[in-house]
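The structure appears below as structure tokens.
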């Protein structure tokens, strides 16, 4: 394996400046959730616009759970870090279910556990900067996993499979599980690329990553819509395919927007602290 080109990233810091930005975004999400929790209500008189906004808020809420788990990378002790992630996922999913009640609690929990588990692996694999990272530059390399990381990942995966056994898919299982696994793999990959792009010391160097994320989101939305139109749902709108493309697109955009805000907050708080990593090809 040959060393790739040097990449310089800013280390996101969880300080007062970052907390103000993150708190403002969280408050905006809470207010918007209250406004859009009931599908019968809406901010505007346009049904399509209300539907799109509600999907964006749903994605932003779920993205907030995953982004919070990324922020726990500031905790060096593995057991405490993963304990915080478990608490964040359980609390976030429960509040999400109480607010929207679109899907069963267990279904949403399985979705988020899979995303966070995959996110932990992908972020470590491609060396997405950790929050408040105090390690030496030589210690920050891709493809590095500690024994604690492997134990936690194995345990979480076993619990995920156990929970999934009790899950009644809302659609045909032969279509539901491939779609769910695709989400588990695609979303963490997109958020990792976006976070790297936002934390590059030279911001213009992240343009290629942002474009790739946009392509992934667009193709993913169409792919999910193709699967969804195979199912029988009571839909009042004429263009069913457009409905599902819009739904998945806005959920993905909301999810990624939360990561963009989180990365932006970390970037502003990082100031002049930077690390240089050599990515392996």
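Residue numbers (the numbering used here): -12 to 268. The beta carbon of each residue, even a glycine, is placed where N, CA and C say it ideally should be.
From residue i to residue j, what distance separates their C-alpha atoms?
i           : j           : result
residue 269 : residue 36  : With the chain covering -12 to 268 only, the question about residue 269 has no answer from this structure.
residue 72  : residue 210 : 30 angstroms
residue 17  : residue 213 : 32 angstroms
residue 75  : residue 52  : 7 angstroms
residue 61  : residue 188 : 20 angstroms
residue 196 : residue 110 : 15 angstroms
residue 120 : residue 99  : 25 angstroms
residue -4  : residue 34  : 42 angstroms
residue 42  : residue 67  : 33 angstroms
residue 59  : residue 117 : 9 angstroms
residue 115 : residue 1   : 16 angstroms
residue 186 : residue 69  : 24 angstroms
residue 221 : residue 206 : Low per-residue confidence applies at residue 221: pLDDT is 45, beneath 50, and the placement is therefore not dependable, though the value from the model is reported in the following sentence. When rounded, the distance between both Cα atoms is 25 angstroms.
residue 163 : residue 208 : 15 angstroms
Relative to the C-alpha of residue i, which candidate in the options has its C-alpha closest?
i           : options            : result
residue 38  : 59, 246, 96, 230   : 230
residue 101 : 86, 60, 56, 118    : 56
residue 97  : 168, 117, 1, 41    : 168
residue 45  : 4, 65, 198, 236    : 236
residue 50  : 257, 252, 251, 247 : 247
residue 15  : 40, 193, 2, 234    : 40
residue 200 : 181, 21, 163       : 181
residue -6  : 2, 113, 9          : 113
residue 243 : 203, 257, 228      : 203
residue 183 : 251, 166, 239, 232 : 251
residue 239 : 257, 171, 165, 4   : 171
residue 9   : 19, 249, 95        : 249
According to the neighbour-count rule (16 or more other Cβ atoms, all chains shown, within 10 Å of its Cβ), is residue i buried or exposed?
i           : result
residue 7   : exposed
residue 63  : exposed
residue 245 : buried
residue 47  : buried
residue 88  : exposed
residue 241 : buried
residue 254 : buried
residue 92  : exposed
residue -1  : buried
residue 81  : exposed
residue 85  : exposed
residue 198 : exposed
residue 291 : Because residue 291 is not part of the residues shown, which for the chain are -12 to 268, the question remains open.
residue 225 : Confidence is the limiting factor: at residue 225 the pLDDT is only 48, short of 50, which leaves the residue's position unreliable and the question unanswerable from this model.
residue 228 : exposed
Could you confirm whether any beta carbon from chain C is found closer than 7 angstroms to the beta carbon of residue i?
i           : result
residue 187 : You won't find chain C in this structure, because it holds only one protein chain.
| How about the segment 95 to 108 and the segment 171 to 183: do they share at least three Cβ pairs that are nearer than 8 angstroms? | yes
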